[in-house]
Every structure is written in C-alpha cells, then in structure tokens.
Amino acid sequence: MAPELDAREDLDRQIDAMRVIAKDLELLPSGYENDVTKLINLLRTGEITLTVSTLGLGMLASEYVIDKIEDHERAIEQTITSVFNKLNEFQTGVKTPITFIDKADDWRKIRNKITDAGSVAKTTNLRSEWEGVASERYFIVYGLQNEAFVSIAGLCEKIAVQLETLAKAILDLYKKLVTALLEFKNEIAGKMAGIWIKGPAAVLVLDDLVKSVGTMQTKIFNTFGECATMAQNNMIAGNTIAAEVATQSGLPFNKWPSIHVEATGVDSEGKPHKYDLDYADASVLDGDGSDWKARSTS
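Heads up, the final residue of the sequence shown is numbered 298 in my numbering, and it's a clean run with no missing numbers.
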C-alpha cells in the first residue's frame, strides 16, 4: 500500500490534476469532431441507411437526422466550454490552502520560540535568593509575563490547528471537484469516440449524452459553489483569529507586561502626581539595599 500523502502533497496533487483536466477539456472537442464529421458525410452520401426500426417514422429524412446530430454536438461543446471557463477562473488562487499549511508551520515555530523564551524566563525567578521592594515588583511582573508566555503559546497552536483544519476541508472539496471533472471528461470522451460507427442511432446516443453532461455540469458548478462558500468561511475564521489575538490573557491592553513602574502618574482627582518610588525601574542598581538585596539565609 502506498504511503498516505500529507495534506500539502495531496493539495498539490489535486491542483495538478485540475490543471491537466483543464488542458484535456480544451482539446476534447477536437478529439471527436472528425468522427462526427465522418458520420454526417456518411449520412449525406447514403452510405449509412436510415431505417424505421432504428429511428422511428419521424426521423427518416437524413437532413433532419444531421441537424439533430449537429445540435447535440453544439450543446455538448457549449457545456464543455462552460465547464472549462469556470475551471480556469477557479484556478486563480487555487493554491491558497497550501499557504494555510505553510502559515500553520510558521505559527508553530513562533509557539516553540515563545515556549523556549518562557523556559528561560523561569530561570530568572530567584525569589528564594532575593528580597526587597524592587524584587517583589519583579516577581509580580514575572508572574504576569509567565501567564503571557503560556497564553500566547496556546494561541499560536490554536491558530495553527484552525489553519490546518481549513486547508483539509478545502482539500476534501478539491478531491470532490476533481472526481466530478474526470467523470465529465470521460463520459464525453467515451461516448463520442467512434460515434460514426453507431450510424443513425448516434442521435439517440447524443441525446442521452446531452442530458447526462448537463447533470454533471450542475454537479460540478455546485462544487464550485461549495468552494466559494468555504472561501467566505475562511474570512470569518480569519476574523475570529484576529479577535482572539487582540484579547489575550496576560497581555493588558494587548501589550507585553512591563517590569517598569512609572514614577509619575495621576491622583484620584486626575491631577499629575509624582510617586515616591526609588525602585521605578526595578533594577539591581535602584534604591538602597531594602529595595533589592540578597535574601537572608539565617
């Protein structure tokens, strides 16, 4: 059994299949037009005889039969052109879900870096070694920053999962679309190959073919519609991600918690007020020994 493709490889394969099918559809009419022309010529020259048993009393005139054949051929070609044009239009931006997978990888790389940074930050938690007003301020802010490390790492993973989920949902639609396109192409190619051999009965074959490809066209266009709906869902998901990024636990006002304490602020009446904080920057050089000093071990 062949190994299962990952989502990125599978998307590439489906996109390549669409490209190949588009080329096949473009060339499809030229593959059977000689057979149709041969059939019409044989009918006109009388080399193929019309019979009542084959077509019924209403189809005895050769020109009537030829007109029906030409009408059916035009209808089939119009359907092919319609599907071909829609497929070409669809292929613009068809690789978008691959970028989702790449972005998911990028978000996981960010998550790993944040997790690593959080691990390093934990080594600075020397509460058992230091004490004082400034050191207490540091330990308080350290707790806030640690919450942010955990929260943002979780957010990165959540975004990565959402992007992968979207990509896989689109992949399922691509598979459905490729299957429908192949059925459409093969139905026409199979029924039109050697159509002249069927003689006058070709009218009945073409009549059935016009109906079947019309049904297939509807199925294909419905799948295109599902892809368009999925694109709208992608936008909604993007807005959801943006909202989650903007409201992260541990990030007051969506900013990284600062260890710095402003020495100037406002009092309860809104007037400027200078705080008596010698430890405003919470550094080891700040204030006297009571602000930041080695904890007594006695």
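Cβ coordinates follow ideal geometry from the N, Cα and C atoms, glycine included.
Q: Entirely within the stretch 55-92 and at least 4 residues each: give me those alpha helix (DSSP H) ranges in chain order.
A: 62-90
Q | C-alpha gap between T123 and I110, whole angstroms | A | On the sequence shown, residue 123 is found 123 positions in, with the first residue counted as 1. On the sequence shown, residue 110 is found 110 positions in, with the first residue counted as 1. The alpha-carbon atoms of T123 and I110 are separated by roughly 21 Å.
Q: Let me know the secondary structure DSSP gives N125 once reduced to three states.
A: Numbered from 1 along the sequence shown, position 125 holds the residue referred to as residue 125. N125: coil per DSSP, three-state reduction.
Q. For G377, which residues of its own chain have a beta-carbon under 6 Å away from its beta-carbon, when the five flanking residues on both sides are left out?
A. The structure shown does not extend to residue 377, since the chain spans only 1 to 298, so no value can be given for it.
**Q.** Inter-stretch contact (C-beta, 8 Å, three-pair minimum) for the stretch 134-147 and the stretch 96-112
**A.** no
Q: Give the straight-line distance between the Cα atoms of N88 and I80, rounded to the nearest whole angstrom.
A: As a first step, residue 88 must be located in the sequence shown, where it is residue number 88. As a first step, residue 80 must be located in the sequence shown, where it is residue number 80. Here the C-alpha atom of N88 lies approximately 12 Å from the C-alpha atom of I80.
(Q) Measuring CB atoms only, is the stretch 140-154 touching the stretch 176-184, in the sense that at least three cross pairs come out at less than 8 Å? (A) Verdict: no, contact absent.
Q: Measuring alpha carbon to alpha carbon, tell me which of N34, L11 and A17 ends up nearest A193.
A: The residue labelled residue 193 in the question sits at position 193 within the sequence shown. Ranking the options by Cα distance to A193, first place goes to N34.
Q: Kindly confirm or deny that the stretch 186-202 and the stretch 156-164 touch, where touching means at least three C-beta pairs closer than 8 Å.
A: no
(Q) Check this for me: beta carbons of L206 and I69, under 9 Å apart or not? (A) Here residue 206 is taken as the residue at index 206 of the sequence shown, counted from 1. Here residue 69 is taken as the residue at index 69 of the sequence shown, counted from 1. Going by C-beta atoms, L206 is nearer than 9 Å to I69.
Q | Per-residue DSSP class, three states only, for G46 | A | On the sequence shown, residue 46 is found 46 positions in, with the first residue counted as 1. Correct three-state label for G46: coil.
**Q.** Sequence-distant residues of its chain with Cβ nearer than 6 Å to T115 (five each side left out)
**A.** Here residue 115 corresponds to residue number 115 of the sequence shown, with the count starting at 1. A153, listed in sequence order.
(Q) By the three-class DSSP mapping on this structure, what secondary structure does K158 have? (A) One-based indexing of the sequence shown puts residue 158 at position 158. Helix, per DSSP.
Q. When you compare only the Cα positions, how much space is there between L60 and Q78?
A. Mapped onto the sequence shown, residue 60 falls at position 60. Mapped onto the sequence shown, residue 78 falls at position 78. Caution is warranted here: a pLDDT of 49 is assigned to L60, below 50, making its placement in the model unreliable, and the coordinate value is therefore given only provisionally. For L60 and Q78, the gap between their C-alpha atoms comes out near 27 Å.
Q. Got a sec? Which residues, its chain only, sit under 6 Å from E73 by beta carbon, not counting five neighbours each side?
A. As a first step, residue 73 must be located in the sequence shown, where it is residue number 73. Closer than 6 Å at the Cβ level, and outside the excluded window around E73, lie V36.
**Q.** Simplified DSSP state of K103, which is helix, strand or coil
**A.** Along the sequence shown, one-based indexing puts residue 103 at 103. Reduced to three states, the DSSP call for K103 is helix.
Q.
Using 9 Å as the threshold, is the C-beta distance between I15 and K95 below it?
A. If you number the sequence shown from 1, residue 15 lands on position 15. If you number the sequence shown from 1, residue 95 lands on position 95. Yes, these two residues count as a Cβ contact at 9 Å.
Q. Of all the options G225, M230, D172 and F224, which has the alpha carbon lying nearest to the alpha carbon of R8?
A. Locating residue 8 in the sequence shown gives position 8, counting from the first residue. It is D172.
**Q.** Burial state of A167, where buried means 16 or more other Cβ atoms lie within 10 Å
**A.** For the purposes of this step, residue 167 is identified with residue 167 of the sequence shown, where counting begins at 1. Its Cβ being crowded by 16 or more others within 10 Å, A167 is buried.
Q.
Here's the rule: buried if 16 or more other CB atoms are within 10 angstroms of the residue's CB, otherwise exposed. What is I199?
A. Walking along the sequence shown from the start, residue 199 turns up at place 199. Note that residue 199 is Gly in the sequence shown here, rather than Ile. Looking at its Cβ environment, which holds 16 or more other Cβ atoms inside 10 Å, G199 is buried.
Q) DSSP state of G143, grouped into three classes? A) Sequence index remark: in the sequence shown, residue 143 carries index 143 (1-based). Residue state, collapsed to three classes: helix.
Q. Beta-carbon separation of K23 and F224 under 9 Å?
A. Sequence index remark: in the sequence shown, residue 23 carries index 23 (1-based). Sequence index remark: in the sequence shown, residue 224 carries index 224 (1-based). No, the pair does not count as a contact, with Cβ atoms beyond the cut-off.
Q: Determine the contact status of V65 and V210, defining contact as a CB-CB distance below 9 Å.
A: Residue numbering aside, residue 65 sits at position 65 when the sequence shown is read from its first letter. Residue numbering aside, residue 210 sits at position 210 when the sequence shown is read from its first letter. The Cβ-Cβ distance between V65 and V210 does not fall below 9 Å.
Q.
Given this structure, state the Cα-to-Cα distance separating M216 from K185, to the nearest angstrom.
A. Numbered from 1 along the sequence shown, position 216 holds the residue referred to as residue 216. Numbered from 1 along the sequence shown, position 185 holds the residue referred to as residue 185. Rounded to whole angstroms, M216 to K185 spans 10 Å at the Cα level.
Q: Give the straight-line distance between the Cα atoms of S212 and G46, rounded to the nearest whole angstrom.
A: Reading the sequence shown from its first residue, position 212 is the one you call residue 212. Reading the sequence shown from its first residue, position 46 is the one you call residue 46. Here the C-alpha atom of S212 lies approximately 30 Å from the C-alpha atom of G46.
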